[in-house]
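Down below is the structure, laid out as structure tokens.
Protein chains: 2
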Amino acid sequence: MSGQITNKPLVNPHVSVDCVIFGFDGKDLQVLIIARDEKFKDLAPSLPGDLIREDEDLDEAANRVLFELTGIKDIFLEQFRAFGAPDRISNPADAEWVRAVRSEPDARVITIGYFALVRTDYVHPSPSSFAKKAVWVPIKEVGTLAFDHNRILQEGRKALRKKLQSRPLGMVLLPKKFTLRALQELYEAILGKTLDKRNFRRKILKSGILEPLEIKEKGVPYKPARYYQFNKVAYENFPENEFYFVN
Amino acid sequence: MSGQITNKPLVNPHVSVDCVIFGFDGKDLQVLIIARDEKFKDLAPSLPGDLIREDEDLDEAANRVLFELTGIKDIFLEQFRAFGAPDRISNPADAEWVRAVRSEPDARVITIGYFALVRTDYVHPSPSSFAKKAVWVPIKEVGTLAFDHNRILQEGRKALRKKLQSRPLGMVLLPKKFTLRALQELYEAILGKTLDKRNFRRKILKSGILEPLEIKEKGVPYKPARYYQFNKVAYENFPENEFYFVN
DNA sequence: AAAGTTAGTGTAATTGATACACTTAGTCAA
DNA sequence: TTGACTAAGTGTATCAATTACACTAACTTT
Chain C
1 MSGQITNKPL VNPHVSVDCV IFGFDGKDLQ VLIIARDEKF KDLAPSLPGD
51 LIREDEDLDE AANRVLFELT GIKDIFLEQF RAFGAPDRIS NPADAEWVRA
101 VRSEPDARVI TIGYFALVRT DYVHPSPSSF AKKAVWVPIK EVGTLAFDHN
151 RILQEGRKAL RKKLQSRPLG MVLLPKKFTL RALQELYEAI LGKTLDKRNF
201 RRKILKSGIL EPLEIKEKGV PYKPARYYQF NKVAYENFPE NEFYFVN
Chain B
1 MSGQITNKPL VNPHVSVDCV IFGFDGKDLQ VLIIARDEKF KDLAPSLPGD
51 LIREDEDLDE AANRVLFELT GIKDIFLEQF RAFGAPDRIS NPADAEWVRA
101 VRSEPDARVI TIGYFALVRT DYVHPSPSSF AKKAVWVPIK EVGTLAFDHN
151 RILQEGRKAL RKKLQSRPLG MVLLPKKFTL RALQELYEAI LGKTLDKRNF
201 RRKILKSGIL EPLEIKEKGV PYKPARYYQF NKVAYENFPE NEFYFVN
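Chains C and B, in that order, are what the protein sequence lines are. According to my numbering, the first sequence is numbered sequentially starting from 1. According to my numbering, the second sequence is numbered sequentially starting from 1.
In structure tokens form, the structure reads like this:
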């Protein structure tokens, strides 16, 4: 970074994608976070991301990051914002890491934020074949991240909330069969507020995206709940901009 | 562009902003389009945009483009999406222009799309002091644009529609005093559908963002309409996510 | 003074949102 | 086996918002 104000166009920036990957374990909303490897283990962890490559579109790059991390393709993935402040990487510890890892450490990095949704039970982060150590962290417990990743995470969360207001997102975050309580907890985790049980059920069931199953919970010390599954057709044809949750 | 598939990170891209600048003339939704100058006058026109500069944040770059074009600062401006397909500039005519104008013509260009709202009567595009020729074009009459600018325009329009569903946008697009009919026509132009007059009026007036004036239209060959103005305080405190227009 | 044009207004029916409490079906421990 | 515990599952009444719909009023022009 030059530190000088100039009128010169930026000629050698790097462009990256950073992914806010949400998961749900039945209780808390989680995020995939990358721990630093041995050499840099004192540094703050980061969101998964990478520089985009030649001949690679932005969406492709984000999909690649996700695939390398989780082994999953064709995931729900959506761009939500670009971040390009000149001082994105100005924190001294971050800068040190960048110098060690990047061939052009002084290059400015513009990053495109994506958010993704995956089932935590489908993703076993960090199989030994992958260099990076990814861990699920409940979103409430995420501490200080590298660069401006806390901000990116926050914006990603906002984008997720907004998305939930116009689409039912459960299908990619819940197992095939699930109880209405689980779905409600997912909504509550995303929206960050509690919902009325009866009103929630009425609204969801009326929308027609769920099919009741004949199976019930087993072994619970209370009245067992019925399982439901998504009706794929109804789910996909769900009209944009319905389902607007306030309570 | 190399034409080869590689795993190399993209090291020398350019980053630009492109702005979809909406205006309203009381009847049609318009967009500011840049005509090519003499030397390239056969080329398709484009959206206003520029490479971002060293030490310049993305929002700053977009604001600069807008200011250079219109002389207005502090405009309503919002980022809506990044575009980064490797073949964005592949059209032969576009490529020729890029070769003539840019110092690194083969560089890939990632662009960040912004949309902005201005009053057409505040903007006299292309004062002689500005090199670029900008013209207002009704959005329905925009023809083929350079690069992927038709797509950017389309996405910008979608973003505008979406925004209108959660915020009343009239204040930046209408003159100080305006009739309810003008406001309704603005909404109809943005949403692309007709609205019921009585329901529209009831909804807008109940929201409290308008103040009636004692002035009426003059010289019209029909019952003159009352003028209104926005109540700035109510307008700015308007709660996100109300005002959800379906009809 | 008649024709033409848009402004301005009200209501009834339907749908959606909200607030709220008890019974049921299971497990577990005494 | 019975009582304690827990979450599932259900209905209703009130209020607010949405929709569909048609006539009179005010002004200009001829």
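Quick reminder that beta carbons are idealized off the backbone N, C-alpha and C, glycines included.
Residue closest to residue i, alpha-carbon to alpha-carbon, out of the options
| i | options | result |
| --- | --- | --- |
| B/Ala159 | B/Phe22, B/Val15, B/Phe230 | B/Phe22 |
| B/Leu187 | B/Lys27, B/Val11, B/Val15, B/Pro9 | Residue identity differs from the one stated: residue 187 of chain B is Tyr in this sequence, not Leu. Of B/Lys27, B/Val11, B/Val15, B/Pro9, the residue nearest in Cα terms is B/Lys27. |
| C/Thr120 | C/Ile110, C/Val109, C/Pro138, C/Ala107 | C/Pro138 |
| B/Gly156 | B/Asp196, B/Ala134, B/Phe115, B/His149 | B/Phe115 |
| C/Ala234 | C/Thr194, C/Leu169, C/Ala182, C/Pro175 | C/Leu169 |
| B/Leu180 | B/Val172, B/Lys163, B/Arg198 | B/Arg198 |
| C/Asn7 | B/Glu60, B/His149, B/Leu145, B/Ile110 | B/Glu60 |
| B/Asp148 | B/Leu47, B/Arg53, B/Glu214 | B/Leu47 |
| B/Ala93 | B/Arg53, B/Lys218, B/Pro105 | B/Pro105 |
| B/Leu29 | B/Lys203, B/Glu185, B/Ile152, B/Ala146 | B/Glu185 |
| C/Ile72 | C/Leu213, C/His124, C/Ala85, C/Gly219 | C/His124 |
| B/Phe245 | B/Val220, B/Tyr222, B/Lys193, B/Lys218 | B/Lys193 |
| C/Arg88 | C/Phe76, C/Leu32, C/Ile152 | C/Ile152 |
| C/Ala146 | C/Asp196, C/Ser166, C/Val172, C/Val98 | C/Val98 |
| C/Leu55 | B/Gln79, B/Leu195, B/Ser90, B/Phe178 | Leu is not the amino acid found at residue 55 of chain C; the sequence shown has Asp there. Ranking B/Gln79, B/Leu195, B/Ser90, B/Phe178 by Cα distance to C/Asp55 puts B/Ser90 first. |
| B/Lys39 | B/Val101, B/Pro221, B/Val142, B/Phe200 | B/Val101 |
| B/Leu117 | B/Gln79, B/Pro221, B/Arg201 | B/Gln79 |
| C/Phe67 | C/Val220, C/Glu141, C/Leu32, C/Asn150 | C/Leu32 |
Which of helix, strand or coil DSSP assigns to residue i
| i | result |
| --- | --- |
| B/Arg225 | First, the amino acid is wrong: residue 225 of chain B is Ala here, not Arg. B/Ala225 falls in the coil class under three-state DSSP. |
| C/Lys133 | strand |
| B/Lys27 | coil |
| B/Val109 | strand |
| C/His124 | coil |
| C/Lys252 | Residue 252 of chain C lies beyond the stretch modelled for chain C, which goes from 1 to 247, so this question has no answer here. |
| C/Phe67 | helix |
| B/Gly170 | helix |
| C/Leu210 | strand |
| C/Leu160 | helix |
| C/Pro9 | strand |
| C/Glu236 | helix |
| C/Pro138 | strand |
| B/Ala146 | coil |
| C/Asp18 | strand |
| C/Val98 | helix |
| C/Leu51 | strand |
| B/Leu77 | strand |
| B/Leu58 | helix |
| B/Phe245 | coil |
| C/Ile33 | strand |
| B/Ala85 | coil |
| C/Phe230 | strand |
Contact list for residue i against chain B, beta-carbon separation under 9 Å
| i | result |
| --- | --- |
| C/Arg167 | Within 9 Å Cβ-Cβ: nothing; C/Arg167 doesn't reach chain B, min ~13 Å. |
Under 7 Å from the C-beta of residue i: neighbouring residues of chain B
| i | result |
| --- | --- |
| C/Asp94 | In chain order: nothing, as chain B lies at least about 18 Å away. |
Chain-order list of residues whose beta-carbon lies under 6 Å from that of residue i (same chain, five-residue window excluded)
| i | result |
| --- | --- |
| B/Lys132 | Ile34 |
| C/Lys216 | Pro224, Arg226 |
| B/Glu211 | Gln229, Asn231 |
| C/Leu164 | Ile190 |
| C/Asp25 | Thr120 |
| B/Leu77 | Ala62, Tyr114, Ala116 |
| C/Gln154 | none |
Neighbouring residues, chain B, relative to residue i (Cβ below 8 Å)
| i | result |
| --- | --- |
| C/Arg53 | Thr6, Asn7, Lys8, Pro9, Leu10 |
| C/Pro86 | Glu54, Asp55, Glu56, Asp57 |
| C/Glu104 | Val11 |
Sequence-distant residues of the same chain with beta carbon closer than 7 Å to residue i, five excluded per side
| i | result |
| --- | --- |
| B/Arg36 | Leu43, Pro45 |
| B/Gly205 | It is worth fixing the name first, because residue 205 of chain B is Leu in this sequence and not Gly. Once the five neighbours on either side are set aside, B/Leu205 has no close Cβ partner at all. |
| B/Lys209 | At residue 209 of chain B the sequence reads Ile, which differs from the Lys that was named. Only Pro168, Phe230, Asn231, Ala234, Tyr235, Phe238 meet the Cβ criterion. |
| B/Gly49 | Ser16, Val17, Asp18, Cys19, Val65, Thr111 |
| C/Arg108 | Met1, Leu10, Pro13, Pro86 |
| C/Ile52 | Val15, Ser16, Val17, Leu58, Ala61 |
Proximal residues to residue i (C-beta, below 8 Å), its chain only, five neighbours per side dropped
| i | result |
| --- | --- |
| B/Ala82 | Ile110, Thr111, Ile112, Gly113 |
| B/Ala85 | Asp148 |
| C/Glu240 | Ser166, Arg167 |
| C/Ala182 | Gly26, Leu174 |
| C/Leu213 | Lys177, Arg226, Tyr227, Tyr228, Gln229 |
Residue i Cβ short of 7 Å to the ligand GDP heavy atom set
| i | result |
| --- | --- |
| B/Glu96 | In the structure shown, the ligand GDP is absent, as is every other ligand, since no ligand is present at all. |
(request) Closer than 8 Å, Cβ to Cβ, to anything on chain B: give me those residues from the region 203-227 of chain C, in chain order. (result) none
(message) Under 7 Å, CB to CB, which of the residues in the region 149-177 of chain B have a partner in chain C?
(response) none
(request) Check distances from the C-beta atoms of the region 106-117 of chain C to those of chain B and list, in chain order, the residues that come in under 7 Å. (result) Ile110, Ile112
(request) Using a Cβ-Cβ cut-off of less than 7 Å, give me the residues of the region 70-83 of chain C that come near chain B, in sequence order. (result) Gln79, Arg81, Ala82
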